[in-house]
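J.: Here it is: the structure, laid out below.
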Amino acid sequence: MTETPHARAAERVVAAGTTLRFVLLIALLVVASSSMMDSTLWTFSDSSGNGCSLAAGVDPSRSSDLTAIAAVLDQGDAFDACVARYESVPGWWSLAWPAGLLVAAGVLFLGLPAWKARRGRVVPLAAVDQDGEVLRALADLAAAAGLARVPRVVVDPGAASTGAVVFGRNRRPTMCLHGGLLARRTTDPDSFRAVLLHELAHIRNGDVTITYLTVALWRVFVGMVLLPYLAIYTTMFVNALRSPFLVGELPMFVRGFLLTVVLVGLVHLARSDVLRSREVYADLAAVRWGAAPRAWAVPAPDRVGGRLRRIVGRFVELWRTHPRWDLRRDALADPAALFGVRALPMFLTGVATSLFTFQAADILGARDLTEDWALQAMTLVAAVLVTGSVGIVLWRAVTHAVLTARAVPSGVRAGLWLGAGMATSNVVISDLALLQWLPTRPEVLLLVVLVGVVFAWWTAQCAQLWAGVWQGRTNRLVMVLTLTAAGLLLSSWFGWWRLNGVLFAYGWPFDSAGLRQLLEQGRAPGDIAEHGVALSVLAMVGSLLYTLPTRPLELLALAALWVVPLLAWTVRPAGASAAGASAGAVDDAQAAGGALPPLRRTLLPGLLTGAAACWVAVVAVLAYLHAWQPLPGQRGVLHVWTYLAWVLVALVAAAMVAAVVASVSASRFRLILALIAAQTAIVVGAAGVLVLASLDGCLGLLGTIRATCDRHPAGALWQEIPFVLKAGPVLAVIAAVVATAGVSAVRAARRSTARRTADVPSRVTRRGGLVIRRVGVGVLCAATLAAIALEVTHPAPKRSTGFDASAPQRMGAADQQVASAEVRMRQVSAWMQYGGRDLLERFLTESKGFAEYLAAPTPDASGKPKLDSSVVRSHCLDLDGVARDARAYFRIPDPEAQSYWRTFITQLEQSAQDCARAADEDNGQLLLSSIQELDAARQALGAAVNRIGTVARAGRR
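In this note's numbering, the protein residues as written are 36 to 992.
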């Protein structure tokens with residue numbers, strides 16, 4: 036059977052996106068330099084390494100990540116103060132070190148051309164081209180390549196190879212011709228011409244600057260950051276071998292070493308992959324400018340050997356900056372390989388992205404930049420870099436497949452590799468695990484993989500959708516629009532992951548108990564017992580819902596997932612061939628990318644199920660709740676939440692049904708159609724819910740919250756509805772993804788026996804039909820924006836973060852009960868070293884000075900000793916300052932010593948207060964009481980110090 040020939044598309048039909056991958060590497064190196072040097076310089080601080088953690092009661096040898104973090108968070112202010120004093124790096128390092136790195140890289144970048152073109156290594160072209168024939172040939176070839184002027188040319192006479200190289204900068208390039216190439220000029224002019232055109236293509240494509248800038252930055256990074264970091268970490272590891280906390284600290288040391296390994300491998304593999312692609316682009320440009328393809332007919336070595344040898348060969352190939360000659364010849368015949376979505380770049384991009392966000396978050400945390408704007412700025416930068424890298428690759432692959440009538444990639448495989456890279460980076464070198472080898476909940480990392488799949492799947496389907504309907508000569512506008520939406524999705528995910536996903540991975544408990552207590556407020560014991568199951572379910576589900584992404588930017592990202600592809604139905608179908616495709620490929624391209632189903636069939640599942648959710652399910656819920664509603668004065672949070680919970684169940688069920696119907700009826704664009712159907716159901720259903728909520732109390736048996744009809748919405752209900760409007764779109768996206776994945780899996784299993792039904796293209800070509808579609812889409816978009824505006828301007832009360840805020844105190848106290856004698860000794864020693872001893876000395880100094888003054892007060896004018904109230908008050912304030920600082924400091928990591936310490940603080944606070952009052956009121960009796968309280972504080976402090984000594988001696992045995 037003869038294979039149908041495919042049309043050929045120009046290799047530049049869509050931008051290659053390789054420059055953004057270089058930018059991602061540069062951004063990663065800059066961010067990593069600051070974070071890694073913070074760790075390096077931190078070793079020169081006054082801290083022993085984990086002193087503040089030990090002082091807070093953390094047991095590195097036995098604590099889990101969760102209990103360690105809980106112990107720190109429970110005493111967060113004290114821990115922050117300790118770190119700022121003993122374990123912090125000067126703030127100016129956050130700017131100075133990356134700036135110094137960039138300056139050094141810039142100097143090296145500017146100096147590399149001079150070094151490569153130094154005397155004794157190369158000679159000017161004029162020295163060997165006496166008659167100027169080579170220069171004239173270069174001028175002709177530069178004109179053919181579209182260059183404004185001939186680059187500077189030098190010759191390396193000692194190089195016997197028949198190649199050439201370009202270095203320098205894009206605006207001031209230098210081409211170095213090898214001696215063997217000049218010798219071949221007369222014997223093989225075609226090869227000579229091909230080599231020159233290939234190097235000129237690198238100049239024309241702008242490869243020179245970004246390539247050598249990356250080289251300079253990497254070399255400086257190795258010398259200024261990587262080697263010092265590795266040396267310091269090695270020294271710390273050797274010292275840690277004698278530490279009793281080696282078991283807990285070993286995972287951190289291993290991750291520190293893995294960071295260097297991953298950075299080296301990541302930079303080299305990603306750089307080599309990009310350079311191999313740019314070599315092929317230069318080959319294609321050279322042939323397009325007149326180079327003879329036979330110049331690439333270089334004999335390839337026979338690839339013999341066993342399977343192991345072939346595997347090793349493929350691995351070695353990954354590290355080369357130039358592809359094999361047989362691959363380059365194949366690309367000249369068909370450049371389809373340039374448009375492929377390969378696993379390695381996707382995986383490396385995922386690793387680089389997670390590493391970038393981790394390092395950037397570490398820098399922000401170290402600089403106390405925890406505001407929302409700083410996190411959003413960091414996540415936006417990361418999202419732009421990964422979207423510009425992966426999104427463009429997917430768009431190119433789909434566009435090429437559509438234009439050449441090939442099988443269109445789904446993006447799922449690319450998303451799996453992207454998500455796998457992000458998940459791997461999170462496990463190996465991120466902060467998801469500190470004292471452990473794996474996170475407490477490693478299954479949460481499946482969410483990371485799933486997000487990568489959804490991102491790539493959605494991007495690929497949008498590219499295919501727009502490829503068939505866009506009328507313009509270039510698809511750059513719709514590509515930017517689509518990738519902007521995809522970038523918002525990733526930015527929202529990165530932000531949610533740093534705020535909530537990390538806590539999920541740590542195993543942080545949910546705040547179901549706190550929410551249940553809130554729901555029980557104002558309820559009689561009999562009602563609580565009657566609705567116990569409902570209370571438990573509402574509290575658990577509510578705590579989960581509070582962790583959903585519901586910030587304005589996140590809601591906008593969710594809306595863009597279905598609004599952006601929905602806009603394709605407002606565009607008149609393309610009637611001319613797309614740019615870059617041969618004329619004969621137009622019909623095939625439209626068949627592959629432009630078969631939009633009718634808009635009514637796209638929206639109908641969502642409209643019907645949304646209306647059903649509103650007018651059937653919600654009405655049934657209202658009637659049910661009306662039957663057992665309490666008296667008007669007893670309709671509290673529980674009643675409102677029960678109502679909203681059932682409403683949300685109805686809306687999400689409608690979204691799921693709409694997504695399943697849309698997925699089953701679609702043969703392409705399945706994810707997009709499911710998203711549109713699910714979100715349409717949410718919009719229509721939510722609109723009905725708002726109407727019914729506004730009329731609550733006016734519809735008889737459907738009245739739920741309010742007993743009488745009023746033109747104003749019910750206050751309690753109206754305050755909580757925005758929470759449903761926020762949770763609904765998030766759950767609708769989840770429902771659409773689950774429905775699409777399930778339907779796709781069933782279709783894949785039955786593909787061999789079931790006949791595939793094709794989408795019926797939208798045949799509306801009349802202007803009236805197009806206007807109707809635009810109006811319909813406009814109404815949905817306006818309703819979506821109105822819902823987002825309502826949620827932003829009328830936010831629901833934030834009753835919980837979804838996580839248990841009381842967990843740190845409970846888990847921290849429980850963790851202290853199991854510490855060994857040696858660990859307890861190190862903990863109390865750290866407590867003394869990192870602030871406890873200073874507090875003791877301050878108290879002794881202040882109390883001694885106060886006692887001395889009371890024993891010998893300053894004489895008055897008559898020479899008689901008399902207490903000066905202002906001096907007394909000054910001593911009182913000093914003692915009060917000691918008490919405040921003592922309460923702000925860590926608890927002693929020993930229960931018995933802490934009980935004495937608590938008594939000390941209480942007695943000292945009372946003494947300082949009574950002392951101040953006595954000075955103000957000139958009350959001798961009150962002053963005497965304060966002195967007695969001060970003595971009691973001194974005795975309690977002595978008992979605490981004695982207990983600390985006992986614990987320290989027991990730990991040294």
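Glycine residues also receive a C-beta, built at the ideal position from the N, C-alpha and C atoms.
By Cβ distance, which residues of its chain are closer than 7 Å to ALA174, with the 5 residues on each side in sequence left out?
T.: VAL185
J.: Does THR1073 pass the burial test, meaning 16 or more other C-beta atoms within 10 Å, or should it be called exposed?
T.: One cannot answer for residue 1073 here, as it falls past the ends of the chain, which runs 36 to 992.
J.: Specify whether the stretch 130-148 and the stretch 951-968 touch according to this definition: at least 3 beta carbon pairs, one from each stretch, less than 8 Å apart.
T.: no
J.: Closest by CA to SER307, which one among THR270, TYR247, ILE927, SER909?
T.: The candidate whose alpha carbon is nearest that of SER307 is TYR247.
J.: Under the assumption that LEU914 contacts PHE939 (Cβ atoms under 8 Å), give the Cβ distance between them as a whole number of angstroms.
T.: Going by Cβ atoms, the distance from LEU914 to PHE939 rounds to 12 Å, so no, they are not a contact pair.
J.: Taking C-beta to C-beta, are LEU523 and VAL386 nearer than 8 Å?
T.: no
J.: Hey, could you find the ends of the alpha helix (DSSP H) GLY530 is sitting in?
T.: 511-531
J.: If you run the structure through DSSP and keep just helix, strand and coil, what is THR53?
T.: helix
J.: Please report the distance separating the alpha-carbon of PRO600 from that of THR244.
T.: 37 Å
J.: Within 10 angstroms of the Cβ of LYS761, are there 16 or more other Cβ atoms? Answer buried if so, exposed if not.
T.: Counting of Cβ neighbours within 10 angstroms places LYS761 among the buried residues, the total reaching 16 or more.
J.: Would you grab the beta carbon distance between VAL255 and LEU143 for me? Rounded to a whole angstrom, and I think it's under 8 Å.
T.: 6 Å
J.: Ends of the alpha helix (DSSP H) at PHE704?
T.: From DSSP, PHE704 is part of no alpha helix (DSSP H); its letter is neither H nor E.
J.: Counting pairs of beta carbons, one from the stretch 707-718 and one from the stretch 681-693, are three or more of them closer than 8 Å?
T.: yes
J.: Give the secondary structure of PHE202 by DSSP, where H, G and I count as helix, E and B as strand, and everything else as coil.
T.: strand
J.: For THR582, name the three-state secondary structure that DSSP assigns.
T.: If DSSP states are grouped into helix, strand and coil, THR582 belongs with coil.
J.: Since TYR541 and LEU101 should fall inside the 8 Å C-beta cutoff, what is the C-beta to C-beta distance between them, to a whole number of angstroms?
T.: 5 Å
J.: Classify LEU1001 as buried or exposed, calling it buried when 16 or more other Cβ atoms lie within 10 Å of its own Cβ.
T.: This structure cannot speak to residue 1001, because the chain is shown only from 36 to 992.
J.: Flag this pair as yes or no: are the beta carbons of THR775 and ARG703 separated by less than 8 Å?
T.: no
J.: Could you compute how far the alpha carbon of ASP166 sits from the alpha carbon of ALA172?
T.: Straight across, the Cα-Cα distance linking ASP166 with ALA172 is about 12 Å.
J.: For VAL190, which residues does DSSP report across the bridge?
T.: VAL158, LEU212
J.: Take the Cβ of LEU262 as the centre, count every other Cβ of all protein chains shown within 10 Å, and call the residue buried at 16 or more, exposed below.
T.: exposed
J.: Taking C-beta to C-beta, are ASP929 and ARG991 nearer than 8 Å?
T.: no
J.: Quick check on THR246: does DSSP put it in helix, strand or coil?
T.: helix
J.: Report back the beta-carbon spacing between GLY86 and TYR869 to the nearest angstrom; my notes put them in contact at under 8 Å.
T.: 5 Å
J.: Between TRP452 and MET381, is the Cβ-Cβ spacing less than 8 Å?
T.: The Cβ atoms of TRP452 and MET381 lie closer than 8 Å to each other.
J.: Looking at the structure shown, is TRP360 part of a helix, part of a strand, or coil, going by DSSP?
T.: helix
J.: Residues in its own chain within less than 7 Å of GLY375 by CB, not counting five upstream and five downstream?
T.: ALA432
J.: Is the shortest distance between the beta-carbon of VAL537 and the beta-carbons of chain D less than 8 Å?
T.: Given the protein chain composition of this structure (a single chain), no chain D is represented.
J.: Leaving out the 5 sequence neighbours to the left and right, which residues in its chain are closer than 7 Å to LEU961 when beta-carbon positions are compared?
T.: Result list for LEU961: ASP949, ARG952, ALA953, in chain order.
J.: Between the stretch 364-375 and the stretch 262-271, do three or more beta carbon pairs fall short of 8 Å?
T.: Contact fails between the stretch 364-375 and the stretch 262-271, because fewer than three Cβ pairs, one in each stretch, are under 8 Å apart.
J.: On the CB-based measure, 16 or more other CB atoms within 10 Å of its CB, does THR819 come out buried or exposed?
T.: The residue in question, THR819, is buried, as its Cβ has 16 or more Cβ neighbours within 10 Å.
J.: Span of the alpha helix (DSSP H) holding TRP493?
T.: 480-504
J.: If you drop the 5 nearest sequence neighbours on each side, which residues of the same chain put their C-beta closer than 6 Å to that of GLN625?
T.: The pLDDT assigned to GLN625 is 45, lower than 50, so where the model puts this residue is not dependable, and the model offers no usable value.
J.: Decide yes or no for the touch test of the stretch 55-63 against the stretch 418-434: beta carbon pairs closer than 8 Å, at least 3 of them.
T.: Yes, the stretch 55-63 is in contact with the stretch 418-434.
J.: Restricting to Cα atoms, I'd like to know which of TRP501, ALA824, THR459, ALA701 is closest to SER779.
T.: ALA701 is the residue among TRP501, ALA824, THR459, ALA701 whose C-alpha sits nearest the C-alpha of SER779.
J.: In angstroms, rounded to a whole number, what distance separates the CA positions of ALA521 and GLY198?
T.: 42 Å
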